[in-house]
Structure formats: structure tokens, C-alpha cells
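Protein chains in written order, with UniProt numbering: chain A, 1 to 507; chain B, 1 to 116.
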């Protein structure tokens, strides 16, 4: 690691800690801790949503996937982007109008029962944990490569940083870390893309023709089918990608950090533009890496292709650009895990402790204390799990988190807002069926079982697909429907209240 | 049990949600919203899933159309254009719905004021 590289790291860590210090002076109430007091503007929250979304998995993972698999790597970009339409058209505004801090708040706005809140908190925590382990394992491996330090030290370092941001700065610090990182990430990506285009004489056609001679896949690189050969599995993955975002707790939580539904709407629009432009640029990152780094060097650095973007930066801009990009990747990981800690902590402290155990009878001070303890708890658990999960495939953990979000959370969100006949039995059935179908099918899938011993356990997978969304998402919807229809009538007066609030923002 | 929990909720000062929900203005707002949202959602989901369906079960998108750029990249780009377009369309429509929602609320506040 060069002196310049170290300087970039120190600068980024210093800047984020300074922001945390500023935020800590204003973080005195539960509302400020969880949602920055609802005081973010549309563009601030929009950049922060984009930041939450452009995780290390997107930046490093998609660039690598396109570099190695051509078009097949671009599937992720498409799925993640169109997912914003699901968020905008179906979920964002009603959620903002009905909820306070968490997803469970929104569902219990209609069904005020402890078991419903409990189930929502459990599914939130499950998703957060899977997502978090994925980010921490990826972070550990990346920092190990970049800084040349041991995996466990890397994981601890990230763990301590994320806990610091959340503990002292709450949502305000987390959001600003997210904003700083998103801006740096866009700058880095635009610089690399510009350099790649320059190498191809600013000719996109030349880029496409040159890249197919540069990769082992040849002509096939420009067409689908290099990696995904099982059509049903591809469909299943695309279902998880497009419906998962609208159920991810750390994304949903972002809609409570603005003052009203109108601002929530405008932040989704900002995020959609930023994320869309970023994903278009992933083509240049991927193609650039394929042409100027070469797939054998990419695979040599990391079999999954995660080092493609930093290696490309080095090939185009030397150590300086490489150091900048690595520091940005580090900031990306820090920002995303901090957001995850916060959403996990809110499920623990607000839903389970505040509303279920203490039945809402908590003082502001107790709430803050619980939230901080929960943040430490969530951080500790995920650090310990990540230390034991070093060899697990990161992409699989992320896609699992998306799949659970789509199966357990999305059906209940949609029914709660739009279906008059929906009731408590249906809500419980939808959440639990979605959650357990996804978990059980993954436990039986080729991710876990492989006859050659290349997965976690040796043996034949009982369920053939790597992503179970094509089964578990409909299972969640069907369970919610059947559960509602077979049980007692819904409370129509309560639905009138939910419909009025969701559509007009009346409090 | 459910009734009890309900009553606790209702002990706070709340609006008369049922009369708003039953008002013709509110009903027309919800109808207009759904008439806009539902077709668009169906459209973008169909458009989106057409891509993996075609790549998984046919090779029509593998054909080069502009130089070496194959049709699948054009279709993928169309997904981006669609997302941005529908995003802007939503904001435009939602702003119209906002003013209608405000009218519903103003009328409601007035009638609530009359009763007091």
C-alpha cells in the first residue's frame, strides 16, 4: 500500500468520523436516532438511497460479473434498477404515510397486534443479518487484498467503524456517510468510464467489437447465456431482484427520514437517476476490465471477479487511481453496513423492546439507551457470524436477502395497503410462509449441497434452483390470500383509516 | 382481544376516517389513482420479464443489430429508458393527485369544524 493510498484511506475515515461528530451533537431523541428527525431533503435522501443501494456488491460485484460473463453480468443492473419502479409505484408513499420508524410500524398501523409486530421484526432481522454477513465477508476479503492485512482484522476494523457511526451519530451520521460515499463512488466511476471510453476512441461500436476479441467467451460475451444456462433459475433470480428491493428494511427505513410523502417521492426520483446512470457505467467498468486487465488476471486476484474494478483503475490510472477507487470501495462498505446496523437495531429496540416487551411505555431516554445497546448487539452478532463465514459465497448471501425480502415482506406490504379483506391471520401467514419457504428451499438448494463437495455440504440438492424466489414469492402471496379468506372477516373500519392515511397523508 | 386493542387506539383523538373513506371525493381520488397505477405496473412488469424470458428460452436477442452490439443490449437500454420515463410520469401524476388529496382533506376539515 503506497503512501498516497494510505492518505486516501485516512482522509475518508477522518471525514466520516468528523461528520459523525457533528451529527452526534444533534442526536438526542429516538426520532433523531432512527430517522434523523425526518429532516433530510429530497436530494439528500435520494443520494443516500442510491448510496444504500450501490453497495460493494454492486460496485465490485457487477463490474466483475460483466468483465467475466458479459451480458449475463448486466442482468443484476437491470433488475436492481427496474426494482425502483416497484418501490415508487407501489410502496414508497403509502409506507411513508403509515409508518414511523420501521416496516412493522406500517403493518401494525392496520393490525395492532404484538404477534404481527414480532413476525415483521423477525423477518427484518433475518434479512439484515444475511445482508450484513454478505457485506462484512466481502469487506473482509476486499480489505485483506487491498491493505494486505488479515481477514479477521479487516472484519473487526469495519465492525468498529460501523458501530461508531451508528452509536454516536445515528441516522444523521449514517446518511451523511452514505451521501459522501455515493458522491465519491460516482466520481470514481465516471473517471474510470471516461478513461475506458478514451481508450476506445470514444467509439461505443469499437468498444463492443474490441471486447469480444479480448475475452475467452468471444462472440458469446455480447449475448446472454455465458453464465446463466438454466432459464427457470434466471427467471427466479430476476423475480428476487425486482421485488426484493421493495422489502429491504434498510431501504424502506429511508422513507422515514424525510418530512412527508412528497419528499419521499422526490428522493426516489433522485435515486433512480443516480442509480440508473451508475448501472449504465457498469458496462464500461466491466468491458474495460475485460479488455485492459483480462479475465485471467481478474480471476487470479479473486475467483468471483470482485477485484475487476480496482484492477482496471490501476491499469488505466496507476496507483493513484487504484488507491482512490479502493478507498471509495472501503467507504462504500462502511456506509452500507452502518445503514444495516441501524435498521436491525430499530427492529430490536423499537419493535421488540419498546413495543412488545414494554408495550410502548418507554421514556425517550430508555428508547435511546435500548437503540444504542441494540446497535452494539446487532454489530457484535454480525461480526462474529462474519468471522465464521469467510468461505461463504457473497453473491449467494445477498441474493438470499433479496429473496427473503421479496417473499416475506412484499406480499404483506401490498395486501396491507391495497386489500380490504386482508386480516391478521393472512398477515401472519404471508410473512411466516414467505420467510420459511425461502429459508428452507435455500437450505435444500445447490448453494448448500453439491455432489462434488464444492458447496458447503456434500450431497445432492433436493431443490434444483439456486434462487427460490419463483416459488417462495408466490407462496407468500398465496398464504396471505388463503389465510385471510379462511379466517374471520377483516375490520373494515380499520381499513378505511389505512386507506385514507395512505392516500392523503392525513395523520 | 382485537376489539380491546382497537379501543385503545381509538381513545386518542382521531379523524372520522370512515366518513372520509365514504365521501365521493375520496372514492374518485382512489379510483383515479388505481386507474393510473395498475396498468403502468402491469406494463413495466411485463416489459421487464420479457427480457429474461426471451434470453432464457430463445436466441432472438443474440442478433447483432448495430455493428457488433446485439439486440439484447438495446432491449436492456430500453429498460433504463422505461424506468426513467415512468419515474418522471409518476411524479407528474402524483402531483395532480396531491392537489386532489388536499381538496379531500380541506373539505373534511371544514365539515369537522362545522360539527364542532
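By construction, the Cβ of each residue, glycine as well, lies at the ideal position given by its N, Cα and C atoms.
Fill in: 7 Å Cβ cut-off: residues of chain A touching residue 56 of chain B
231, 234, 235
Worksheet item: Do residue 266 of chain A and residue 61 of chain A come within 8 Å of each other at the CB atom, strictly closer than that value?
Response: no
Worksheet entry | Residue-level contact to chain A via CB, residue 96 of chain B, 8 Å cutoff | no
Fill in: Short Cβ contact (8 Å threshold) for residue 339 of chain A with residue 102 of chain A
no
Practice prompt. Quickly, what does DSSP pair residue 449 of chain A with across the bridge? List them, please.
Written response: A/457
Discussion item. Measuring only the C-alpha atoms, how far is residue 203 of chain A from residue 190 of chain A?
Written reply: 16 Å
Worksheet item: Quick one: does residue 61 of chain B have its CB under 8 Å from some CB of chain A?
Response: yes
Worksheet item: For residue 413 of chain A, which of A/92, A/341, A/487, A/165 has the nearest alpha-carbon?
Response: A/92
Worksheet entry | Cβ neighbours of residue 10 of chain B in the same chain (closer than 8 Å, five flanking residues each side left out) | With a pLDDT of 42 at residue 10 of chain B, under the threshold of 50, the predicted position of this residue should be treated as unreliable, though the coordinate-derived value follows. Same-chain partners within the cutoff: there are none.
Worksheet item: Per DSSP, which one or two residues make a beta bridge with residue 147 of chain A?
Response: Residue 147 of chain A is not bridged to any residue.
Practice prompt. Could you tell me how far apart the beta carbons of residue 479 of chain A and residue 438 of chain A are, in whole angstroms, since I believe they sit closer than 8 Å?
Written response: No, residue 479 of chain A and residue 438 of chain A are not in contact; Cβ-Cβ is about 12 Å, not under 8 Å.
Worksheet item: Where DSSP assigns a beta bridge to residue 258 of chain A, which residues make up the other side?
Response: A/40
Worksheet item: Quick one: what's got a C-beta closer than 6 Å to residue 446 of chain A's C-beta in the same chain, skipping five residues either side?
Response: 461, 466
Item to complete: Measuring only between beta-carbons, confirm whether residue 262 of chain A sits less than 8 Å from chain B.
Response: yes
Discussion item. For the beta strand (DSSP E) containing residue 66 of chain B, name the first residue and the last one.
Written reply: 64-66
Worksheet item: Counting along the chain, where does the alpha helix (DSSP H) carrying residue 24 of chain B start and finish?
Response: 24-57
Discussion item. Among the candidates A/433, A/384, A/216, whose CA atom is the shortest distance from the CA of residue 137 of chain A?
Written reply: A/384
Worksheet item: The alpha helix (DSSP H) with residue 413 of chain A in it runs from where to where?
Response: 410-418
Fill in: Beta-carbon proximity list for residue 87 of chain A, same chain, < 7 Å, skipping 5 on both sides
245, 246, 268
Worksheet item: the ligand GTP heavy atoms versus the CB of residue 87 of chain B: any closer than 7 Å?
Response: Absent from the structure shown: the ligand GTP. Ligands present: none.
Worksheet item: Taking just the CA atoms, how far does residue 73 of chain B sit from residue 326 of chain A?
Response: 29 Å
Worksheet entry | Amino acids of chain A, ordered along the chain, whose beta-carbon sits closer than 9 Å to that of residue 25 of chain B | Going along chain A, no residue has its Cβ under 9 Å from residue 25 of chain B, so there is no contact; the nearest lies around 10 Å.
Worksheet item: Is there contact here, the region 128-135 of chain A with the region 385-405 of chain A, by at least three beta-carbon pairs under 8 Å?
Response: yes
Discussion item. I'd like the ranges of any alpha helix (DSSP H) spanning at least 4 consecutive residues and lying wholly in the region 179-234 of chain A.
Written reply: 204-214
Worksheet item: Starting from residue 318 of chain A and walking both ways along the alpha helix (DSSP H), at which residues does that stretch end?
Response: 308-346
Worksheet item: Can you find a C-beta in chain A that's less than 8 Å from the C-beta of residue 83 of chain B?
Response: yes
Item to complete: Within its chain, find whatever has a CB closer than 8 Å to the CB of residue 81 of chain A; leave out the 5 residues flanking it on each side and keep chain order.
Response: 272, 275, 276, 279
Worksheet item: For a contact meaning CB atoms closer than 8 Å, what does residue 212 of chain A contact in chain B?
Response: 68
Item to complete: Specify whether the region 365-373 of chain A and the region 193-212 of chain A touch according to this definition: at least 3 beta carbon pairs, one from each stretch, less than 8 Å apart.
Response: no
Worksheet item: Thinking C-beta only, is residue 179 of chain A closer than 8 Å to residue 44 of chain A?
Response: yes
Worksheet item: residue 89 of chain A and residue 41 of chain B look like a contact to me (Cβ under 8 Å); what is the Cβ gap, rounded to whole Å?
Response: 5 Å
Fill in: Beta-carbon proximity check, residue 73 of chain A vs residue 242 of chain A, cutoff 8 Å
no
Item to complete: Examine chain A for any beta-carbon lying closer than 8 Å to the beta-carbon of residue 46 of chain B, and answer yes or no.
Response: no
Discussion item. Suppose contacts are defined by Cβ-Cβ distances below 8 Å. Is residue 458 of chain A in contact with residue 464 of chain A by that definition?
Written reply: no
Discussion item. Just checking: is the beta-carbon of residue 9 of chain A within a distance shorter than 8 Å of some beta-carbon in chain B?
Written reply: no
Item to complete: Could you spell out the range, first to last residue, of the alpha helix (DSSP H) harbouring residue 26 of chain A?
Response: Note, residue 26 of chain A: premise wrong, no alpha helix (DSSP H); not H, not E.
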